[in-house]
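Read through the structure below, which is laid out as structure tokens, and then see the notes.
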Amino acid sequence: MQMQIFYILQVVCLLQSQWIINAYPTDATKLKNIQEIHCPQKKTDSDIFVKLFPGIQLNARPCNRSITCASLNTNYRIDSLEIINQTTCIPSVIFCFQDLEKLIIENAYFCDSKQQIDGEMEYFPEQIIKLQKLRTLQISHVNRMSISNIIGKLTSLKDLTISHVKYMSIPNMIGHLPSLTYLSISHVNLMSISNIIGNLLSLQHLSIFNTNLEELPKTISNLKSLKKLMLQNNSYLHSIKEIDGLPVLHTLDVRHCSIQDLPRNLPKLLNLYMPYNSLTTLGSDIRTLSNKENKEQNFQFDNNRITSITPEIRHLHTLSRLHLDHNQLHTLPKDIFDMTKLTYLNLQNNRFSPHRIHDYRNEFNKRNSKLKVYFD
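Numbering-wise, the sequence shown is residues -23 to -1, 1 to 353 according to mature numbering (1 follows the signal peptide of the UniProt record, and there is no 0).
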């Protein structure tokens, strides 16, 4: 009987431990995989840096972006470290720099043989959790990289940039960065963004460009603090309807995509860049892009396939610059002549007849003499 009870207790303990691992995968992984860092005793940050990067001067100004550099704070601790074009591997001892606020890794890799293949980073070291003051993290020109869920523990992180990474995965824990205001992902093989991005409620600047992105997550509409959205050079992106209604967005750049429709209801929009897309008309939705604060606007629609413009364009009371060159326009709405805030209008390389061009020039001169208009 006692032996049976003993085996039952063993089974219960096993089940409990398995439940803990499943219920708290991040913590379990953290306990299992994060290796201890043996920081040199009685050594200053300067001592460690000089040993790691001999011949490189601390506090060099300005910092040359082609080589490794670092700077000290007023407590003589390293607060900024840029490891660039490093020919030797990076030891994990850099995570001993506890005051580090800015870390840039460019064309470099870490030493742990379990975490790199053929001299190329595969997993970003989880020891980064030691850098609780880190505010800026930039990683670029790395062939293989997977950011672990531990990044969600960097609660002070405000600026995250990832670029020129051939193979990459982004964990859901990126949505657990409450202080993140700037996120840039570019030149990566990325087809989709998780809905978890909708949790980044402090985000003000989002750049996702030069990727294979096919669609935006629906939760992007949760980003009520977003002011700048850069999505250029995503040739598989056909729609941006998910951003409709973002209340403070002032700059939207979707150049060189395949977008077929205008965004809607962006009351603070100032700059709209939509060249090289698949627009065929500027329809009535354009009136919803009027700036409600009466600030000057700059809209660029060149190099599309636009054949018509709605009279509703007159509702863009503060539009100052309008690019419509390299389209398929034959006519203009009469309402465009009453847009007296317009100072620049490019209509080159369209399909206007010489007679229409002559009449339009006269009308613009009569109604808006300050306007610089270009037909050829």
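Beta carbons: idealized from backbone N, C-alpha and C, even for Gly.
Query - Integer Cβ distance of P155 from N172, believed to fall under 8 Å - result: With 8 Å as the limit, P155 and N172 do not qualify as a contact, their Cβ atoms being about 17 Å apart.
**Report entry** Exposure label - M168; buried when at least 16 CB within 10 Å
**Finding:** exposed
Query raised in the report: When the distance is taken between beta carbons, is N36 closer than 7 Å to L49?
Result: yes
Query raised in the report: Near I283, what residues of its chain come up, given a Cβ to Cβ distance below 8 Å and the 5 sequence neighbours on each side ignored?
Result: L256, T257, T258, L259, L301, N304, Q305, L306
**Report entry** Cβ-Cβ distance between T196 and S179 below 7 Å
**Finding:** no
Query raised in the report: Apart from the five residues on each side of it in sequence, which residues of its chain come closer than 7 Å, Cβ to Cβ, to L319?
Result: L296, S297, L299, N345, L348
Query raised in the report: When you compare each of G222, D312, K311 to residue 381 by their alpha carbons, which one comes out closest?
Result: Residue coverage of the chain in this structure runs from -23 to 353, which leaves residue 381 outside it and unanswerable.
Requested in this report: Would you check if the distance between the CB atom of I217 and the CB atom of P244 is smaller than 7 Å?
Outcome: no
Report task. Go to H332, then tell me how far its beta strand (DSSP E) extends in each direction, as first and last residue. Result -> No beta strand (DSSP E) contains H332, which is instead part of the alpha helix (DSSP H) from 331 to 344.
**Report entry** Neighbour-count burial assignment, T51, 16 or more Cβ in a 10 Å radius
**Finding:** exposed
**Report entry** Q274 (DSSP reduced to helix, strand or coil)
**Finding:** strand
Report task. Please classify F72: does DSSP put it in a helix, a strand, or coil? Result -> helix
**Report entry** Rounded straight-line distance, which links the Cα of Q181 to that of N187
**Finding:** 20 Å
Query raised in the report: Would DSSP call N248 helix, strand or coil?
Result: strand
Query raised in the report: Under 7 Å, do N248 and N275 count as touching if we go by C-beta distance?
Result: yes
Query - For G260, the three-state DSSP class (helix, strand or coil) - result: coil
Report task. Have a look at S163 and E83 and give me their C-alpha separation to the nearest angstrom. Result -> 14 Å
Query raised in the report: For D24, does the count of other Cβ atoms within 10 angstroms reach 16, so buried, or fall short, so exposed?
Result: exposed
**Report entry** Contacts around P2, its chain only, beta-carbon distance under 8 Å, and the 5 residues preceding and following it disregarded
**Finding:** Low local confidence applies: a pLDDT of 38 at P2 is under 50, so the model's placement there is unreliable, with the coordinate-based value given in what follows. Around P2: N126.
Requested in this report: Using three-state DSSP, classify N62 as helix, strand or coil.
Outcome: coil
Query raised in the report: Can the beta-carbon of Y250 be found less than 7 Å from the beta-carbon of R232?
Result: yes
Report task. Could you tell me which of F26, E273, D336 sits nearest to S57, measuring between CA atoms? Result -> F26
**Report entry** Test item: CB-CB of T132 and S161 under 7 Å
**Finding:** no
Query raised in the report: Whose C-beta lies closer than 6 Å to the C-beta of S69 among residues of the same chain, with five residues either side of it excluded?
Result: I14, P102, Q104
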